[in-house]
Each structure stands twice: as C-alpha cells, then as structure tokens.
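> Pasting a structure below so you can have a look.
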Amino acid sequence: FAANLCSFVVLTRPRLRRRPTFSYLAFLSLSNALLSLIHATFNLLAGYFDIAVEHLPLFIFCRFLNRFAIDFLTHFSLYTLTAVDLDRIRTVTSKTANDQRYSRTNSGRQRGCASAFIRVCLVESFLAIISFLFNAHWLVLYGYVEKDPTSLDDITVCAPFLNDTSNFNIYTEAYNKYVLSILPIAEIVLFNILPFVISVLATIIILRHISIKYTLLSHINKRLKKSRRRMELHLSILLISLNCVFILLTTPHNIYQVYILKIR
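Adding 4 to a residue's 1-based position in the sequence shown gives its number in our numbering.
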C-alpha cells in the first residue's frame, strides 16, 4: 500500500504529468494502493482480531468491500494497463505525433501536456464507469443473512442464494445462473484473455520499435542520444517490463480459470 501510494504521489508531479504514460501509471498505482488496503483490512480483521466476514455487516464488508470494490479495482487496473499499452503503441508508431512533440514551442507544449492529461482523465473516467456498471450487481444481489442454528445470531453468508430457500425465487435463480455460469465466461474473455493478448501484442510492437531506435541511435552523435527521444525509449522499456511481469503473473491464473470453466 505505502509503495503504491508513494508512486502515485511521485507520478502526479507536474513534470511527469506531461506524458500520458506517467498519468496512466499514476491511476494504476492509486488503484493498486486501494486494492492492497482492502486486502490488508481483511487480513488484519481475520489474523489479529479473529473476525471473519460472517460476523460483519452484509453490505459494507461482503457486498461492497469483499466483492464490488475488489473486482472493480482489479478490472480498472487491468484496463488501465491496457490503455497504457494502446497509448504507447500509438506514440511509437505515429511519426506525426513525435514530430509535433519536438517542434512545439514552450507555450504550445504546455497546452499539449494539459490536453493530454485531460484526455487520460477522460479515458480513466470511462473505464471507471464501465467497471462500475459491470460490477454493480454485487451491491444489490450478492449474499444474504441467515440465523445461526446454534446461537440464533445473524450470520452473513457471502455467497449466492444457493442455500437460502426462504428467499429463493425466479430472480435469485436467474442471478445464480448468471453468477455461476455466465459471469465466469465473461470475466475470462474480458479480463483475462483480452488484456493478455493486447499486452503480448503491445510488447512485441514496442520491443520492435526499441530495437530499431537503438540501431539508429548507435549510428548518430552523442548529443542526440541525450535528447528527449532517449526518454521515449526509457518509457518503452518501462512499459515492456510491466507487460512482462503482467504476462508472467497472469498466465497461470488464466490457465486455472479455463481449466475450472471446463470442469464446470
């Protein structure tokens, strides 16, 4: 949490906000920081206070934090990284954009940086709205409260209405079918396979661009090596590193998800 929060503070500095890549990474750091905070909260409650979700309020801890917030932030982070990839591909493959960036005056560059940051904020707002709509069902339909047969206390059941026969009707049956059959397929396609494919393609395109750039830089003078184009190469290398980590960490999970879906 602390590392992601520090990254967000650093990446939102005015000098770094001039580049869309750093702006996207700032949103990614903030999302990961909040996600880490939620996981840390549940670990503290369970490990130090011996409090499970079953003994906490249904809406706040089960529906909002345990399901909606975690899925919302995870999906938001995935597509923020995808947005970084797409923006970087546009940057490295667009000769017009590069020429305009290096030919602007100071005032024109400042206006361009402000418009680029606003564009990033609009893209992130759109991703947040889509993620909210996709995960809004957790807030109203997921989980229920039942009586403990031994102590007659209320217990929060953070699961679909499979065993809640008292409230079972045609709507809960349809929702159970959606959560157990339709939602896993949608999540595999939208939040596993699609970001994975985009990340792999982006890595290949950016890596090819870097190899060409370094070949050109090795044949020109040292002054050009210290120019702004050098920063563009460093940004591309940074993004490739992020993509490689993303691919390595998500590949086992994707394989597991496909395997579980096949069993079902």
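C-beta: ideal position from N, C-alpha, C; glycine also.
Using CA atoms only, rank isn't needed, just tell me which of A132, A30 and F250 is closest to A121.
For the purposes of this step, residue 121 is taken as residue 117 along the sequence shown, with counting starting at 1. Here the sequence assigns Phe to residue 121, which means Ala is not the residue at that position. Among A132, A30 and F250, the Cα nearest to that of F121 belongs to A30.
> Pull up the distance between the alpha-carbon of A190 and that of D91, whole angstroms please.
The residue given as residue 190 occupies position 186 in the sequence shown. The residue given as residue 91 occupies position 87 in the sequence shown. Their Cα atoms are separated by approximately 25 Å.
> Rank T25, V161, I251 and K181 by C-alpha distance to the C-alpha of F65 and give the top, closest one.
The residue you call residue 65 lines up with position 61 of the sequence shown. Among T25, V161, I251 and K181, the Cα nearest to that of F65 belongs to V161.
> So is E177 buried or exposed if we call it buried at 16+ other beta carbons inside 10 Å?
Counting from one through the sequence shown, the residue named residue 177 turns up at place 173. Counting Cβ neighbours within 10 Å, E177 comes out exposed, since fewer than 16 surround it.
> Is the beta carbon of F68 closer than 9 Å to that of S135?
Taking the first residue of the sequence shown as 1, we reach residue 135 at position 131. Taking the first residue of the sequence shown as 1, we reach residue 68 at position 64. Cβ distance not < 9 Å, so S135 and F68 don't count as in contact.
> Does the distance from the C-beta atom of V96 to that of I197 stay below 9 Å?
The residue you call residue 96 lines up with position 92 of the sequence shown. The residue you call residue 197 lines up with position 193 of the sequence shown. No.
> Identify whether I159 lies in helix, strand or coil by the three-state DSSP scheme.
Along the sequence shown, one-based indexing puts residue 159 at 155. The answer is strand: DSSP assigns I159 an E or B state.
> Excluding five sequence neighbours on each side, which residues of the same chain lie with their C-beta closer than 7 Å to the C-beta of L244?
Position 240 of the sequence shown holds residue 244. In the sequence on display, residue 244 carries Ile and not Leu. Excluding residues within five positions, the ones whose Cβ falls inside 7 Å are T207, I210 and L211.
> Under three-state DSSP, which class holds Y52?
In the sequence shown, residue 52 corresponds to position 48, counting from 1. Of the three classes helix, strand and coil, the one that applies to Y52 here is coil, per DSSP.
> For T154, does the count of other Cβ atoms within 10 angstroms reach 16, so buried, or fall short, so exposed?
The sequence position of residue 154 within the sequence shown is 150, counting from 1. Exposed, since its Cβ has fewer than 16 Cβ neighbours within 10 Å.
> Quick check on this structure: which residue in N139, L15 and F5 has the alpha carbon closest to the alpha carbon of L39?
What you label residue 39 is simply residue 35 of the sequence shown in a count that begins at 1. If we check each option's Cα against that of L39, F5 comes out closest.
> So for Y148, helix, strand or coil by DSSP?
Here the question's residue 148 lines up with position 144 in the sequence shown. Strand.
> Between the region 16 to 30 and the region 75 to 89, do three or more beta carbon pairs fall short of 8 Å?
The region 16 to 30 is in contact with the region 75 to 89.
> Considering just the uninterrupted stretch of the alpha helix (DSSP H) at Y179, what are its terminal residues?
Your numbering for residue 179 matches position 175 in the sequence shown. I174 to K181 is the span of the alpha helix (DSSP H), which, as asked, contains Y179.
> Quick one: Cα of L137 to Cα of Y182, how far?
As a first step, residue 137 must be located in the sequence shown, where it is residue number 133. As a first step, residue 182 must be located in the sequence shown, where it is residue number 178. Near 15 Å, if we compare the C-alpha coordinates of Y182 and L137.
> Look up L60 in the DSSP assignment and say whether it is helix, strand or coil.
Walking along the sequence shown from the start, residue 60 turns up at place 56. Coil at L60, not helix or strand.
> Give the range of the alpha helix (DSSP H) segment to which F76 is assigned.
Taking the first residue of the sequence shown as 1, we reach residue 76 at position 72. From DSSP, the alpha helix (DSSP H) with F76 extends over I74 to T97.
> If the criterion is Cβ atoms closer than 9 Å, does the pair Y179 and P199 meet it?
Position 175 of the sequence shown, counted from the start, is the residue given in the question as residue 179. Position 195 of the sequence shown, counted from the start, is the residue given in the question as residue 199. In this structure, P199 does not lie closer than 9 Å to Y179 by Cβ.
> Please report how far the alpha carbon of S35 lies from the alpha carbon of V149, in whole angstroms.
In the sequence shown, residue 35 corresponds to position 31, counting from 1. In the sequence shown, residue 149 corresponds to position 145, counting from 1. Taking the straight line joining both Cα atoms gives about 30 Å.
> On a CA-only basis, which of R23, R17 and I74 is nearest H43? Give me that one, please.
As a first step, residue 43 is located in the sequence shown; it is residue number 39 there, counting from the start. If we check each option's Cα against that of H43, I74 comes out closest.
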